[in-house]
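What the sequence shown shows, in the working numbering, is residues 6 to 76, in sequence order. In this text, a Cβ means the ideal position worked out from N, Cα and C, and glycines have one as well. Just so it is clear, the structure is predicted and the values come from calculations on it, not from any experiment. Written out below as structure tokens is the structure these notes cover.
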Amino acid sequence: MHNHEVNNAIDRLKDEGIAILDIVIEIRSRFDLDLGSAKQLVFNGLLTDQEKTEQNAIIDQIETTANVDNE
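See below:
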């Protein structure tokens, strides 16, 4: 995997108006990454600090819900 490939994919998805969380999921799937790595790549290449804070809160809530559902 090359960073420019990931960045190009992120840019295309963003240009299509895809939501940040959906971009993370798509990058995770497309490049066979774990959620944390995909989130880090997308957040570093795409988001302002404020957006990172907001999206982290959403993803943390989703992960918490998923963990509860799996128990």
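Could you name the residues of the same chain whose beta carbon sits closer than 6 Å to that of residue i, not counting the 5 residues immediately before and after it, in chain order?
{"i": "residue 97", "result": "Look at the range of the chain in this structure, 6 to 76, and you will see that residue 97 is not part of it."}
{"i": "residue 12", "result": "50"}
Would you mind sorting residue i into buried or exposed? The rule is 16 or more other CB atoms within 10 Å of its CB.
{"i": "residue 43", "result": "buried"}
{"i": "residue 63", "result": "exposed"}
{"i": "residue 67", "result": "exposed"}
{"i": "residue 60", "result": "buried"}
For residue i, tell me which candidate among the options has the shortest Cα-Cα distance.
{"i": "residue 35", "options": "22, 50, 63 and 18", "result": "18"}
{"i": "residue 9", "options": "32, 26, 21 and 69", "result": "32"}
Return the chain-ordered list of same chain residues with a C-beta closer than 8 Å to the C-beta of residue i, the five sequence neighbours on each side being excluded.
{"i": "residue 28", "result": "15, 18, 19, 47 and 51"}
{"i": "residue 26", "result": "60, 63, 64 and 67"}
From the DSSP output, in three-state form, read off residue i for me.
{"i": "residue 31", "result": "helix"}
{"i": "residue 24", "result": "coil"}
{"i": "residue 38", "result": "coil"}
Fully enclosed by the segment 40-73, which alpha helix (DSSP H) runs are 4 residues long or longer?
40-51
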